[in-house]
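The end of the sequence shown is residue 340 by the UniProt record's numbering, with every number in the run present. Just so it is clear, CB atoms sit at the ideal spot from N, CA and C, and this is done for glycine as well. These notes are about the structure you will find just below.
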Amino acid sequence: MAAAPISFAAMASKEKVVKEPLNTVQVEGQVILKIAKHCREADAAAIITGQLLGLDVGATLEITDAFPYPGHMGEEQEAGEGGESYQLEMMRCLRDVNADNNTVGWYQSTISGSYQVVEIVETFVSYMASLERCVCLVYDTTAAAGGALGVKAVRLGDSFVQAYREGSLTIEKIRAKGLSWHDVFVEIPVTVHNSHMAAALAAEIAPPSATTALDYERLGLGVAPLLEKNLEFLNDCLDDVMGEQGKLSMYQNNVRRQQQAIAQFKMQRRQDNLVRRAAGEETLSEDPPEGMFKAVAEPNQLDNMLLSNQMASYCQHINTATEQALSKLKLMDGLQAALP
């Protein structure tokens, strides 16, 4: 996971200014190319991360540059002194060449859009300690391999952050604050910006893409591998959900047993008081002594909320793939019916 943010602008000024809501994330084309290059050079199964630099302008967060974290740096080093010193040195070099050196978030790769884990929440909270607004740019390698952009910008919901900072997310707290799994992450629209020179170069080197009568690849229905992979991920999430429900069931059983033990203690104390009262002795309190029955720790519901987010993401991928496949199939049926 990404390291804690280091921003010269954040350290230079501690004033909190009320800003407009963040509506758009503008990403330079070179940033996406750097992220894609970082993913290609890394291990296919590895989750790569890096720092995002740019400017926070009004309702738009501009991401103008990025640099990767070294592949040999582990998570503990990224989050510790090694990660901070590396970031400081990189941003010092960028400042020396008059490049943007203000941290606006981090990027990380993902497979099939699965990024909803506890680590990303902890990293967001770490960044937000010094940055009022930051985003995580998620690069989906599976979507990118299929020809899509594969980039989305996400941040934590304000109501979720407030509840998370108050401690464990219990069922009572979630119900009292009206939270749901929809409130954990907020996706922000992404726009890609290129300079005029870059746009002219792209138009010059782009191969011709004229559609011909023999272009049958556009009608391909090969979505089975994608559907199979997403169904496997969805099945794994269901297993994890069953595990979380088991924890909640165990908690309820422990609470019920404790309540029964307290009731038995009070009943025994009442009987003892009857005997003491008959003997003219002072009665004892029916309440259990402090510390005799410790409160049962309620399981944190954060994992449940993140699993719900993951399952919704996989279902969305399945819906999108099946919609495209059915549209192509309907088109093929129409073309075949039109044949003499």
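Backbone secondary structure at residue i - three-state DSSP
{"i": "Asp-183", "result": "helix"}
{"i": "Val-121", "result": "helix"}
{"i": "Glu-89", "result": "helix"}
{"i": "Thr-283", "result": "coil"}
{"i": "Glu-75", "result": "Because Glu-75 carries a pLDDT of 46, less than 50, the predicted location of this residue cannot be relied on, and the following value inherits that uncertainty. Note: Glu-75 maps to helix in three-state DSSP."}
{"i": "Val-97", "result": "coil"}
{"i": "Phe-233", "result": "helix"}
{"i": "Gln-301", "result": "coil"}
{"i": "Glu-172", "result": "helix"}
{"i": "Gly-146", "result": "coil"}
{"i": "Val-255", "result": "helix"}
{"i": "Ala-325", "result": "helix"}
{"i": "Lys-152", "result": "strand"}
{"i": "Gly-80", "result": "Because Gly-80 sits at a pLDDT of 48, beneath the cut-off of 50, its placement in the model cannot be relied upon, and the following sentence gives the value as read from the coordinates. DSSP places Gly-80 in coil when its eight states are reduced to three."}
{"i": "Gln-116", "result": "coil"}
{"i": "Val-223", "result": "coil"}
{"i": "Ala-200", "result": "helix"}
{"i": "Cys-39", "result": "helix"}
{"i": "Tyr-164", "result": "helix"}
{"i": "Phe-265", "result": "helix"}
{"i": "Tyr-139", "result": "strand"}
{"i": "Val-296", "result": "coil"}
{"i": "Leu-52", "result": "strand"}
{"i": "Gly-105", "result": "strand"}
{"i": "Glu-244", "result": "helix"}
{"i": "Ile-188", "result": "strand"}
{"i": "Ile-63", "result": "strand"}
{"i": "Glu-20", "result": "coil"}
{"i": "Glu-228", "result": "helix"}
Buried versus exposed call for residue i [16 or more other C-beta atoms within 10 Å across all chains shown]
{"i": "Gly-243", "result": "exposed"}
{"i": "Asn-102", "result": "buried"}
{"i": "Trp-250", "result": "With the sequence shown as reference, residue 250 is identified as Met, and Trp is not the correct amino acid for it. Counting Cβ neighbours within 10 Å, Met-250 comes out exposed, since fewer than 16 surround it."}
{"i": "Leu-149", "result": "exposed"}
{"i": "Gln-324", "result": "exposed"}
{"i": "Met-332", "result": "exposed"}
{"i": "Met-91", "result": "buried"}
{"i": "Gly-54", "result": "buried"}
{"i": "Gly-50", "result": "buried"}
{"i": "Pro-288", "result": "exposed"}
{"i": "Lys-16", "result": "At Lys-16 the pLDDT is 49, less than 50, meaning the model places this residue with poor confidence; the figure from the coordinates comes in the next sentence. Its Cβ having fewer than 16 others within 10 Å, Lys-16 is exposed."}
{"i": "Ile-63", "result": "buried"}
{"i": "Phe-124", "result": "buried"}
{"i": "Ile-120", "result": "buried"}
{"i": "Val-255", "result": "exposed"}
{"i": "Cys-39", "result": "buried"}
{"i": "Val-151", "result": "buried"}
{"i": "Leu-131", "result": "buried"}
{"i": "Gln-301", "result": "buried"}
{"i": "Glu-230", "result": "Here residue 230 turns out to be Asn, not Glu, going by the sequence shown. Per the 10 Å Cβ criterion, buried."}
{"i": "Leu-33", "result": "exposed"}
{"i": "Leu-274", "result": "exposed"}
{"i": "Leu-284", "result": "exposed"}
Sequence-distant residues of its chain with Cβ nearer than 7 Å to residue i (five each side left out)
{"i": "Ala-206", "result": "none"}
{"i": "Gly-74", "result": "With a pLDDT of only 46 at Gly-74, under 50, the local geometry of the prediction cannot be trusted, and no value is derived from it."}
{"i": "Thr-142", "result": "Ile-111, Ser-112"}
{"i": "Ala-163", "result": "Leu-169, Lys-173, Lys-177, Leu-179"}
{"i": "Leu-226", "result": "Ala-321"}
{"i": "Pro-21", "result": "Ala-59"}
{"i": "Leu-335", "result": "none"}
{"i": "Ala-338", "result": "none"}
{"i": "Leu-326", "result": "none"}
{"i": "Leu-248", "result": "Pro-299"}
{"i": "Val-117", "result": "Leu-306"}
{"i": "Ala-99", "result": "Asp-65"}
Close-in-space but distant-in-sequence residues of the same chain around residue i (CB under 6 Å, 5 per side omitted)
{"i": "Thr-110", "result": "Val-138, Asp-140"}
{"i": "Ala-153", "result": "Val-25, Val-135, Leu-137, Ile-188, Val-190"}
{"i": "His-193", "result": "Gln-26, Glu-28"}
{"i": "Glu-286", "result": "Lys-266, Arg-269"}
{"i": "Asn-304", "result": "Glu-244"}
{"i": "Ile-35", "result": "Tyr-107, Tyr-139"}
{"i": "Ala-297", "result": "none"}
Cβ-Cβ separation, residue j to residue i (assumed contact under 8 Å), whole Å
{"i": "Cys-136", "j": "Val-104", "result": "Not a contact, Cβ separation roughly 10 Å."}
{"i": "Trp-181", "j": "Asn-309", "result": "5 Å"}
{"i": "Val-31", "j": "Asp-65", "result": "6 Å"}
Cut-off 8 Å between Cβ atoms - residues of its own chain near residue i, not counting five sequence neighbours on either side
{"i": "Gln-271", "result": "none"}
{"i": "Leu-234", "result": "Met-311, Tyr-314, Cys-315, Ile-318"}
{"i": "Met-128", "result": "Cys-134, Leu-156, Val-161"}
{"i": "Ser-114", "result": "Phe-233, Gln-310, Ser-313, Tyr-314"}
{"i": "Leu-238", "result": "Met-311"}
{"i": "Asn-23", "result": "Ala-59, Thr-60, Ile-188, Pro-189"}
Residue i CB to nearest heavy atom of the ligand MN below 8 Å
{"i": "Ser-195", "result": "As far as ligands go, the structure on display features none, and thus does not contain the ligand MN."}
Exercise. Is it a yes or a no for the segment 261-271 touching the segment 192-207, going by three-plus beta-carbon pairs under 8 Å?
Worked result: no
For this session: Examine the Cβ distances between the segment 151-162 and the segment 184-196 and report whether three or more of them are shorter than 8 Å.
Result: yes
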